[in-house]
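Each residue of the sequence shown is one higher than the one before, counting from 42 in the numbering used here. Note that CB positions come from ideal geometry on N, CA and C, so glycine has one too. A quick note: this is a predicted structure, and the numbers were derived from the prediction, not measured. Below is one structure, written out as structure tokens; the observations come after it.
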Amino acid sequence: MLNFLTKIFGSKNDRELKKIYPIVEKINCLEPQMQQMSDSEFKEQTYKFKERIQNGETVEDLLPEAFAAVREASVRTLKMRHFDVQLIGGVV
């Protein structure tokens with residue numbers, strides 16, 4: 042019986058991943074925008090994030106942009122890009 046329900050509704054893990062995948066998609070969509078920023082524009086992002094939080098936005102609202110910025114910072118400094126599964130781990 043349990044296997045039958047799992048096949049229909051998916052496991053708890055499957056259901057959680059379905060919630061997270063749209064966030065990862067947003068992060069991936071923001072990647073070209075982050076890549077086009079100059080270093081000075083990119084550094085400004087931190088101040089803009091702080092300002093937006095002070096103006097009432099939640100961390101969850103900023104999450105895709107913040108993760109896209111972290112990914113780009115990693116590429117620029119370490120020459121290493123976070124994989125989607127690493128982003129999923131960060132979101133969880």
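Query                                                                                                                                              : Result
State buried or exposed for PRO105, treating a residue as buried only when at least 16 other CB atoms are found within 10 Å of its CB.             : buried
Tell me whether GLY131 sits in a helix, a strand or coil according to DSSP, three-state version.                                                   : helix
Which runs of the alpha helix (DSSP H) spanning at least 4 residues fall entirely within the stretch 44 to 109, listed in chain order?             : 53 to 77 and 80 to 95
Between which residues of its own chain and LEU58 is the CB-CB distance below 8 Å, once the five residues before and five after are set aside?     : ILE129
Looking at C-beta atoms only, is the number of pairs between the stretch 64 to 71 and the stretch 80 to 89 that lie closer than 8 Å three or more? : no
Using the C-alpha atoms, what's the distance from ALA114 back to MET121?                                                                           : 9 Å
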